[in-house]
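Colleague: This is the structure I have questions about; it appears just below.
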Amino acid sequence: MAKSPNREATMRRTLARRLLATLATATLAVGVTAGCGDDGDSSADAEGKIINVLSGTNAGFVPNFNPFSQNSVAGTMSVLYESLLYFNAARADDVQPQLATAYEFADDGRRLNLTIREGVKWTDGKPFSAEDVAFTFNLIRDNPKLNQNGLPIVEAVATDPTHVSVTFSQGVYTRLNLIAGRTWIVPKHIWSTIADPSAFTNEKPVGTGAFMLASFSQQNYVFERNPNYWETGKPKIKGMRFQQFASADSAIAALAAGQLDWAGSFIADIEKQYVSKDPKHNKYINESQLYLTNLIPNLDRAPFDSAAVRKAISLALDRDQIIRLAFSGYGKEASPAQLPRPLWDDYIKPEYKDRKLEFDPARAEQTLQADGWAKGADGIYAKAGRRLSFTVKVVQGYNDYISALQIMTQSLKSVGIEMKTQEVSFTAFSTDQQTGDFEMIITNLYSEGTAYSWYSRAFSSKRTAPLGQQAGSNYGRFRNAAVDAALLAMENTPPDQRDAIREQLFKIQDVIVEELPYIPLQQSASLIEYRTENLGNFPTEENHYALTTPYNGPDMGIVAKNLTPAG
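Per the numbering used here, the sequence shown runs over residues 307 to 873.
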């Protein structure tokens, strides 16, 4: 299944929202055909019908439209609720206005002044204004559980109906995308009455987005277009129905039956199994520069508090084999600097740019032995009475991940490491990764539009939490003073001082290459399928105006409001 990532997912959620994957050996022809109407029949007119979208969950839907919650359903962020700006992670330095039309920094990056769009209404008909924006930032400041981006907010003030000034305790130059692109603005007249906004499930959402909630059930939910949307002439389509499937088999059957218009499913041999069935209309895009598949060890749990153990695991993995067999050869080699290439080549330290992640089983064992591990009679290394055995959690139905883990299990066993796999539901996985209830997980990391934000999400101590508490996005519980200092230095560096920013990024890369807090597997493919018989204006390689993922904010909302009926 495709990843969403990490995604964020926000991408506030960094659980990669991957759709139900087909096995590499699947023989059923898979195709995405025209959208269904409300009665399930194929759509003849996308403008007058509800298009069908494959959601990134394999469990029954639970009503949660809280844009501050990592457990909110797909579409909450950007489809219902909007940000001030949109940062297009598919292209470098692509920032688009949304609820804000202009911005400027002041006071050495400690204040952000925003011009707010006029003429916007909430979906309950009440006017949107700068007061809502200021309220949202102050709400986040006053409720730490909502501040999953770790924003150092001092105060937000609406200076008039169309201008807001947000003050921070430190420079935030490099966090603009988190402040203006990953903060979802909520209506003051509703959220000011909520006693505990972090626990609020918001089952009757009121937003500014291009769509609004029409119906909800455990099986599907429907968004219909907002007739009073601020962007004239949009959206063109009537709405979207999000569907979930309990298993890979049922998802494949739905694809084959033509019950979907927009999906993000990993399909082995996609040209043969999908495109060739209707070359004129069956299209896909591989957004392979945006995600890294990683094993994420819990550094607050032994034995992963030892860098030697993490390095030994990495050395024992044949990534070429994993990519070829588990991921059908779609993935690419990951950089040890943990940045997608070539998108961020200008920000990777030269000595790491072409460095490969080594495959050296003999050295893996030598690394363990040097750290005091000794092989037991059962062939598994042990130290101080503890066998080198652990369990990796993975979402049920994510068959490419499961296949990769099977390959890794055998590779690790050959060097004296025992790895087991535990399949859990999407909901359980999301909760466990946030609270640290795992030894190791396999998931995607996501790039948010800047190299800084990539490292901040993955490695900032501000984005993690003690075991049992919800981490914002640093699920591995990595903490390093040098990394935090480099992130802070970048926050106080104006964005035009690129050499100074690179210097700090290189410092972080020195740490993560040496410490290996996460274990990269691949720069992963993200296959997005769509039908052009009844729909048009999906992003393409030539016009990559947004990521195409049908399950992540903020990208999903940008794509959905730009879709057009074909012809």
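Backbone N, C-alpha and C define an ideal beta-carbon position, used for all residues, glycine too.
Does the Cβ-Cβ distance between P493 and I422 come in under 9 Å?
Modeller: Stepping through the sequence shown from its first residue, residue 493 is reached at position 187. Stepping through the sequence shown from its first residue, residue 422 is reached at position 116. Not closer than 9 Å, so no.
Colleague: Are the CB atoms of I629 and I825 within a distance shorter than 9 Å?
Modeller: Position 519 of the sequence shown, counted from the first residue, corresponds to residue 825. Position 323 of the sequence shown, counted from the first residue, corresponds to residue 629. Taking 9 Å as the Cβ cut-off, I825 and I629 do not qualify as a contacting pair.
Colleague: Starting from G842, follow its DSSP beta bridges and name the residues at the other end.
Modeller: By one-based count along the sequence shown, residue 842 stands at place 536. Beta-bridge pairing links G842 to T870.
Colleague: Over what stretch of residues does the alpha helix (DSSP H) that includes E537 continue unbroken?
Modeller: The residue you call residue 537 lines up with position 231 of the sequence shown. Unbroken run through E537: none, as it is neither H nor E.
Colleague: Check this for me: beta carbons of V730 and L711, under 9 Å apart or not?
Modeller: For the purposes of this step, residue 730 is taken as the residue at position 424 of the sequence shown. For the purposes of this step, residue 711 is taken as the residue at position 405 of the sequence shown. It is not a contact, given that the beta carbons lie outside the stated cut-off.
Colleague: Three or more C-beta pairs under 8 Å: does that hold for the region 810 to 830 against the region 641 to 654?
Modeller: A contact exists between the region 810 to 830 and the region 641 to 654.
Colleague: Contact check, S717 vs A622 under 8 Å by CB: the rounded distance?
Modeller: As a first step, residue 717 must be located in the sequence shown, where it is residue number 411. As a first step, residue 622 must be located in the sequence shown, where it is residue number 316. Rounded, the Cβ-Cβ distance is 5 Å, consistent with contact.
Colleague: Starting from K689, trace the beta strand (DSSP E) both ways and give me its first and last residue.
Modeller: Here residue 689 is taken as the residue at index 383 of the sequence shown, counted from 1. Y687 to K689 is the span of the beta strand (DSSP E), which, as asked, contains K689.
Colleague: Could you give the first and the last residue of the continuous alpha helix (DSSP H) run that contains E461?
Modeller: Against the sequence shown, residue 461 aligns to sequence position 155. No alpha helix (DSSP H) holds E461; the beta strand (DSSP E) holding it covers I459 to D466.
Colleague: What number of angstroms, rounded off, separates the C-alpha of T333 from the C-alpha of D575?
Modeller: Translated into positions along the sequence shown, residue 333 becomes position 27. Translated into positions along the sequence shown, residue 575 becomes position 269. Low confidence applies here, because T333 scores a pLDDT of 29, under 50, leaving its location unreliable; read the following figure in that light. Taking the straight line joining both Cα atoms gives about 10 Å.
Colleague: Helix, strand or coil, according to DSSP, for S612 in the structure here?
Modeller: The residue you call residue 612 lines up with position 306 of the sequence shown. Here S612 sits in coil by DSSP.
Colleague: Return the Cβ separation of L386 and P403 in integer angstroms, given the expectation that the two are a contact with Cβ distance under 8 Å.
Modeller: Position 80 of the sequence shown holds residue 386. Position 97 of the sequence shown holds residue 403. About 19 Å; that fails the 8 Å criterion.
Colleague: What does the Cβ neighbour count give for A335, buried or exposed, with the cut at 16 atoms within 10 Å?
Modeller: Against the sequence shown, residue 335 aligns to sequence position 29. In this predicted model, A335 has a pLDDT of only 29, less than 50, meaning its place in the structure is not dependable enough to derive any value.
Colleague: Kindly indicate which residue of F411, E797, M518 and G778 has the alpha-carbon position closest to the one of S471.
Modeller: In the sequence shown, counting from the first residue as 1, residue 471 sits at position 165. The candidate whose alpha carbon is nearest that of S471 is F411.
Colleague: Bridge partners of R447, per DSSP?
Modeller: Residue numbering aside, residue 447 sits at position 141 when the sequence shown is read from its first letter. Looking at the DSSP assignment, R447 forms no beta bridge with any residue, so it has no partner.
Colleague: Grab me the residues of L694's own chain with a C-beta within less than 8 Å of its C-beta, minus the 5 sequence neighbours each way, in chain order.
Modeller: In the sequence shown, residue 694 corresponds to position 388, counting from 1. For L694, where only same-chain residues beyond five positions count, the Cβ hits under 8 Å are P609, V615, L674, W679, I686, Y687, A688, G722, I723 and E724.
Colleague: Is the Cβ-Cβ distance between S435 and A408 less than 9 Å?
Modeller: Taking the first residue of the sequence shown as 1, we reach residue 435 at position 129. Taking the first residue of the sequence shown as 1, we reach residue 408 at position 102. Result no, Cβ atoms of S435 and A408 do not sit closer than 9 Å.
Colleague: Throw me the rounded Cβ distance for the G778 and G515 pair, which I believe falls under 8 Å.
Modeller: In the sequence shown, counting from the first residue as 1, residue 778 sits at position 472. In the sequence shown, counting from the first residue as 1, residue 515 sits at position 209. At roughly 23 Å, the Cβ-Cβ gap does not stay under 8 Å, so G778 and G515 are not in contact.
Colleague: With distances taken Cα to Cα, identify the nearest neighbour of M796 among N786, R785, N780 and R808.
Modeller: In the sequence shown, residue 796 corresponds to position 490, counting from 1. For M796, the nearest C-alpha among the options comes from R808.
Colleague: DSSP state of P433, grouped into three classes?
Modeller: Counting from 1 along the sequence shown, the entry for residue 433 is found at position 127. If DSSP states are grouped into helix, strand and coil, P433 belongs with the strands.
Colleague: Apply the 10 Å Cβ neighbour rule to N588 and answer buried if 16 or more other Cβ atoms are within range, or exposed otherwise.
Modeller: Position 282 of the sequence shown, counting from 1, holds the residue named residue 588. That one is buried.
Colleague: Identify which residue in Q739, R625, P801 and K578 has its Cα closest to the Cα of P667.
Modeller: Residue mapping note: residue 667 aligns to position 361 of the sequence shown, counting from 1. Minimum Cα distance to P667 is reached at R625.
Colleague: With 9 Å set as the bound, which would you pick, yes or no: does the beta-carbon of R693 sit closer than that to a beta-carbon of chain B?
Modeller: No chain B appears in this structure, which consists of one protein chain only.
Colleague: I need the boundaries of the beta strand (DSSP E) containing R531, first residue and last residue.
Modeller: Taking the sequence shown and counting its residues from 1, one reaches residue 531 at position 225. From DSSP, the beta strand (DSSP E) with R531 extends over N526 to R531.
Colleague: Pick from L794, F371 and D861: whose alpha carbon is nearest that of P511?
Modeller: Indexing the sequence shown from 1 puts residue 511 at position 205. It is F371.
Colleague: How far does the alpha helix (DSSP H) with I807 in it reach, from first residue to last?
Modeller: Here residue 807 is taken as the residue at index 501 of the sequence shown, counted from 1. Start and end: R804 to E821.
Colleague: For N849, which of helix, strand or coil comes out of DSSP?
Modeller: Against the sequence shown, residue 849 aligns to sequence position 543. Three-state result, N849: coil.
Colleague: Flag this pair as yes or no: are the beta carbons of G487 and Y857 separated by less than 9 Å?
Modeller: The residue you call residue 487 lines up with position 181 of the sequence shown. The residue you call residue 857 lines up with position 551 of the sequence shown. In this structure, Y857 does not lie closer than 9 Å to G487 by Cβ.
Colleague: Look at the alpha carbon of V528 and the alpha carbon of V368, and state the distance between them as a whole number of angstroms.
Modeller: Within the sequence shown, the letter at position 222 stands for residue 528. Within the sequence shown, the letter at position 62 stands for residue 368. Distance between the alpha carbons of V528 and V368: 14 Å.
Colleague: With H, G and I counted as helix, E and B as strand and the rest as coil, what does DSSP make of K309?
Modeller: The sequence position of residue 309 within the sequence shown is 3, counting from 1. Any answer about K309 is weak, because its pLDDT of 38 lies below 50 and its placement is not dependable; what the coordinates show is given next. Here K309 sits in coil by DSSP.
Colleague: Mapping DSSP to helix, strand and coil, what is W497?
Modeller: Against the sequence shown, residue 497 aligns to sequence position 191. It is helical.
Colleague: With which residues is R547 paired in a DSSP beta bridge?
Modeller: In the sequence shown, counting from the first residue as 1, residue 547 sits at position 241. Answer is N358 and V528, bridged to R547.
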